[in-house]
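**Q** After the structure tokens below, expect a handful of questions from me.
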Amino acid sequence: MQIIDTSQFKLGMIDCVRGLLIRPKGILAADESFPTIAKRFASVGLPNSEEARRRYREMLLATGGLDEFISGVIMFDETARQANSDGTPFIHLLEQNGIIPGIKVDAGLLPIGSSDVENVTSGFDGLPGRLREYVQMGLRFAKWRSTFRIGPGLPSDFVVDANAIGLAQYASFCQNAGLVPIVEPEVLLDGDHSLADSKRVIIHVLTEVVRRLEQANVRLDLTIVKTSMATRGSTNKVENQESVGAATARVLSETLPPAIGGVVFLSGGMSELEATRNFNEFSQSGSYPWPVSFSFGRALQNSALKRWATDPSRFEEARTELLHRARMNSLARVGDWSPEEDSAGEGRTRKF
Ligand code: 5MM
């Protein structure tokens, strides 16, 4: 029987959590699945092919100086198997640049029930074997995303329960394999709900997720929670009564135990500026028992993607956009972001 030295795993995971949450950096979510990257490319008129996706990820991942603001990158399976133009696998490139490589391991959302508006996350088939392969490939952390819609009677108890159990089960598999789990229960922005609804649902969902993590004996200190910020729905035009940062600070402080290894935010469809401003407000709203950072996808990539689409043979202008957003969010992490500095940077770089 093969004896696995789990103490080595734990040491590796402790370092990984520390490395991912190191101040003032954040995590780049570049793990768009095939349908999502197709949508992103179509939105800027780019043709979608394996080589186009590889070049786009090369533009992002080989950005010089990215490690000043970015501690880790979440990749999609295809990207983790691809290489830079000079043949260096992306996983090695990131490591060489002091950035921790990670991977999305869920297989996407499956509609559940007759209403077609709620989902459970799939991806358990062969998961322990895939995780072992990812560890051998050099990946250090993983991510699994579930979504929760707010509306009349939503999210349903069933979906909260099923997804919380799924997240806990995934996290347990990850830690057994030596990968740090990022647990992402995303409370969606879609809908006309109020800020109060958003707070209530985030509290409910996070409470259930933590309860299930504890039941599954998942080590909370070796777990990172990726959460939405508390805000009104995207079609609700009534101003929030409280700032997003302050509301989110209250929700997380009331809900997440101090033992959690770290907390990171998703941007969930907010604009780049909104996400950074709200995160900055959050950082200014208090001190927290866990390190808190950003793990944005769209709010780090949108400008870079638009810029790259104007001329995919040129990487540098797009990289300037990515670095700018990464730097702005790194300032927001310590509450030092200002709109003036943000737009000064934009003015310098944005000519498209
Ligand atoms: C980058 O988007 C990620 C993958 O989504 P799909 O599985 O739908 O393709 C997504 O998980 C992302 O990591 C988070 O939702 C955060 O991204 P945003 O854009 O919300 O900050």
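789 is the number of the first residue of the sequence shown in this note's numbering; add one for each residue after it. Built from N, CA and C at the ideal position, the CB exists for glycine as well.
Based on Cα-Cα distance, which residue from 967, 950, 925 and 837 lies nearest to residue 805?
**A** Residue 805 has its Cα closest to that of 967, out of 967, 950, 925 and 837.
**Q** Quick one, which of 1069, 1025 and 946 has its alpha-carbon nearest residue 980's?
**A** If we check each option's Cα against that of residue 980, 1025 comes out closest.
**Q** Taking only runs that begin and end inside the region 931–980, name each unbroken alpha helix (DSSP H) of 4 or more residues, in chain order.
**A** Listed in chain order, the complete alpha helix (DSSP H) runs (minimum 4 residues) inside the region 931–980 are 945–965.
**Q** Does the distance from the CB of residue 1120 to the CB of residue 1036 come in under 8 Å?
**A** In this structure, residue 1036 does not lie closer than 8 Å to residue 1120 by Cβ.
**Q** According to DSSP, is residue 1131 helix, strand or coil?
**A** Looking at residue 1131 - three-state DSSP - the assignment turns out to be helix.
**Q** Between which two residues does the beta strand (DSSP E) harbouring residue 905 extend?
**A** Run containing residue 905: none; DSSP gives neither H nor E here.
**Q** Distance, Cα to Cα, residue 956 vs residue 932?
**A** Those two C-alpha atoms are separated by around 10 Å.
**Q** Could you tell me which residues DSSP pairs with residue 1014 in its beta bridges?
**A** In DSSP, residue 1014 forms a bridge with 1052.
**Q** Do you know offhand how far residue 1132's Cα is from residue 902's?
**A** Cα to Cα, the separation comes out at about 50 Å.
**Q** Let me know the secondary structure DSSP gives residue 1041 once reduced to three states.
**A** In the structure shown, residue 1041 sits in a helix (DSSP, three-state: H, G or I).
**Q** Taking 7 Å as the line, does the beta carbon of residue 1087 fall inside it for any heavy atom of the ligand 5MM?
**A** Within the cutoff, so yes.
**Q** For a minimum of 4 consecutive residues, which ranges assigned as the alpha helix (DSSP H) are wholly contained in the region 855–926?
**A** Counting only runs of 4 or more, we get 865–868, 878–884 and 915–925.
**Q** Compare the Cα-Cα distances from residue 807 to each of 839, 950, 854 and 887 and report the closest residue.
**A** Out of 839, 950, 854 and 887, 887 has the C-alpha closest to the C-alpha of residue 807.
**Q** With a threshold of 16 other CB atoms inside 10 Å of the CB of residue 815, please say whether the residue is buried or exposed.
**A** By the 10 Å Cβ count, residue 815 comes out buried.
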